[in-house]
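Visitor: Could you have a look at this structure, given as structure tokens, before my questions?
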Ligand SMILES: Nc1nc2c(ncn2[C@@H]2O[C@H](COP(=O)(O)OP(=O)(O)OP(=O)(O)O)[C@@H](O)[C@H]2O)c(=O)[nH]1
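Numbering (full-length UniProt numbering), first residue to last: 1 to 301.
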């Protein structure tokens, strides 16, 4: 028996984890294993995945499209060696991943007999589309997909959402607008094969060297006002930030910070947490990690 594998790609902050969680919410009693890759060594996404999943394995500090290909294959083999093998495996790539490398890894002929790549979903952030549409990595993620999921269309007029879906589906790839359509559970978690994926030539990963990241953690609490000042100062050069945080002003309550471009949200986080963990990503030629780290260190000082 082969286990279907669904690969979820999409740019930084596009909504990949949210898509995986929406799918898990629809998964009923199916045994689903999620493999979650964060570009940094602090794997926050692993914690954000819904607890309905059977198993969550985090692959951190690298990218499954290049440095962690071997780890990805080993993880899948370990999952398949369990007594109760998963019925589906979902891989959430990091936002900087070029899917070409992952597709090549997953076409390993030995692995293919027991785990078959069944679909590649690219999540596209509708609000980020105007900025991103000529980005080489974004385009590679789109080109590698056989399904496109549109996120963040809730505030768009129907006409604008339809135009965007039409623009994205020019290459013939089906586009699913999750704000307007029911979650297509059978498509992604059904028993039949999906429409297959596009195999790609071996090419160097597009993202290599492009991004700079800051990973920062402390056992202490920090002030909300202090963090706001740092985020505002660096906002022009931050593409993505996410973190689990404890604020001095709010003892006993943790928070999840999400920042995608200039959009920032802070919401209560109800799982136990001590201190703070934060990952911040920008273009290498714009973000000076040492300066940002120094500002963050001063918060915990
Ligand atoms: N309004 C709205 N917000 C969304 C939607 N999908 C995701 N978000 C928000 O966008 C932010 C990033 O979502 P994630 O699901 O973490 O994105 P991601 O692609 O997994 O992020 P990375 O793994 O860091 O690249 C979060 O604040 C989400 O709540 C959507 O459809 N509508």
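For each residue, glycine too, the CB sits at the ideal point set by N, CA and C.
Remember, predicted model here, so these are calculated numbers, not experimental data.
Under 8 Å Cβ to Cβ from residue 184, same chain only, skipping five residues before and after it: list those, please.
Guide: On the chain shown, position 184 is the one that residue 184 refers to. Excluding positions up to five away in sequence, the list reads 176.
Visitor: List the endpoints of the continuous alpha helix (DSSP H) containing residue 104.
Guide: Taking the chain shown and counting its residues from 1, the one referred to as residue 104 is at position 104. It spans 99–106 - the alpha helix (DSSP H) in which residue 104 sits, taken as one unbroken run.
Visitor: Between the beta-carbon of residue 137 and the beta-carbon of residue 106, is there less than 9 Å?
Guide: Sequence index remark: in the chain shown, residue 137 carries index 137 (1-based). Sequence index remark: in the chain shown, residue 106 carries index 106 (1-based). Not in contact: residue 137 and residue 106 (Cβ atoms no closer than 9 Å).
Visitor: Just to check my reading of the structure: residue 126 and residue 153 have Cβ atoms closer than 8 Å, yes? What is that Cβ distance to the nearest angstrom?
Guide: Translated into the one-based positions of the chain shown, residue 126 becomes position 126. Translated into the one-based positions of the chain shown, residue 153 becomes position 153. With 8 Å as the limit, residue 126 and residue 153 qualify as a contact, their Cβ atoms being about 4 Å apart.
Visitor: Compute the distance between the beta-carbons of residue 307 and residue 247, then report whether it is under 9 Å.
Guide: In this structure the chain extends from 1 to 301, so residue 307 is not present and cannot be described.
Visitor: Taking just the CA atoms, how far does residue 114 sit from residue 288?
Guide: On the chain shown, residue 288 is found 288 positions in, with the first residue counted as 1. On the chain shown, residue 114 is found 114 positions in, with the first residue counted as 1. Approximately 44 Å, taken between the alpha carbons.
Visitor: Helix, strand or coil: how does DSSP classify residue 256 here?
Guide: Taking the first residue of the chain shown as 1, we reach residue 256 at position 256. Three-state DSSP puts residue 256 in a strand.
Visitor: Between 46, 100, 130 and 6, which lies nearest to residue 116 when the distance is taken from Cα to Cα?
Guide: Within the chain shown, the letter at position 116 stands for residue 116. The shortest C-alpha separation from residue 116 is found at 6.
Visitor: Drop a sphere of 10 angstroms on the beta-carbon of residue 157, count the other beta-carbons inside from all chains shown, and report buried for 16 or more, exposed for fewer.
Guide: Start at 1 with the first residue of the chain shown, and residue 157 comes out as number 157. Answer is exposed; the Cβ neighbour count stays below 16.
Visitor: Which same chain residues, not among the five before or five after residue 268, have their C-beta less than 8 Å away from its C-beta?
Guide: By 1-based counting over the chain shown, the position of residue 268 is 268. For residue 268, where only same-chain residues beyond five positions count, the Cβ hits under 8 Å are 253, 254, 255 and 256.
Visitor: Rounding to the nearest angstrom, what Cα-Cα distance links residue 273 and residue 245 in this structure?
Guide: Reading the chain shown from its first residue, position 273 is the one you call residue 273. Reading the chain shown from its first residue, position 245 is the one you call residue 245. Going by the C-alpha atoms only, they are around 8 Å apart.
Visitor: Our contact map puts residue 243 next to residue 295 with C-beta atoms below 8 Å; I'd like the distance itself, whole angstroms only.
Guide: Taking the chain shown and counting its residues from 1, the one referred to as residue 243 is at position 243. Taking the chain shown and counting its residues from 1, the one referred to as residue 295 is at position 295. Not confirmed; about 14 Å, so no contact.
Visitor: What residue from 96, 94 and 74 has the CA that sits closest to residue 108's CA?
Guide: As a position in the chain shown, residue 108 is number 108, starting the count at 1. Cα-wise, what sits closest to residue 108 is 74.
Visitor: Beta carbon of residue 181: closer than 8 Å to some heavy atom of ligand 1?
Guide: Along the chain shown, read from residue 1 onward, the residue named residue 181 stands at position 181. False, no ligand heavy atom lies under 8 Å from that Cβ.
Visitor: Please return the same chain residues whose Cβ sits closer than 6 Å to the Cβ of residue 258, not counting the five positions on each side in sequence.
Guide: Sequence index remark: in the chain shown, residue 258 carries index 258 (1-based). Answer for residue 258: 242 and 265, listed in chain order.
Visitor: Please find out if some non-hydrogen atom of ligand 1 comes closer than 8 Å to the beta-carbon of residue 137.
Guide: Numbered from its first residue, the chain shown carries residue 137 at position 137. False, no ligand heavy atom lies under 8 Å from that Cβ.
Visitor: From residue 98 to residue 221, what distance separates their C-alpha atoms?
Guide: Within the chain shown, residue 98 is the residue found at index 98, counting from 1. Within the chain shown, residue 221 is the residue found at index 221, counting from 1. So the two alpha carbons sit approximately 36 Å from each other.
Visitor: Tell me where the beta strand (DSSP E) around residue 217 begins and ends.
Guide: The sequence position of residue 217 within the chain shown is 217, counting from 1. Residues 211–218.
Visitor: Could you check where the beta strand (DSSP E) with residue 242 kicks off and where it finishes?
Guide: Numbered from 1 along the chain shown, position 242 holds the residue referred to as residue 242. Segment 240–246, the beta strand (DSSP E) holding residue 242.
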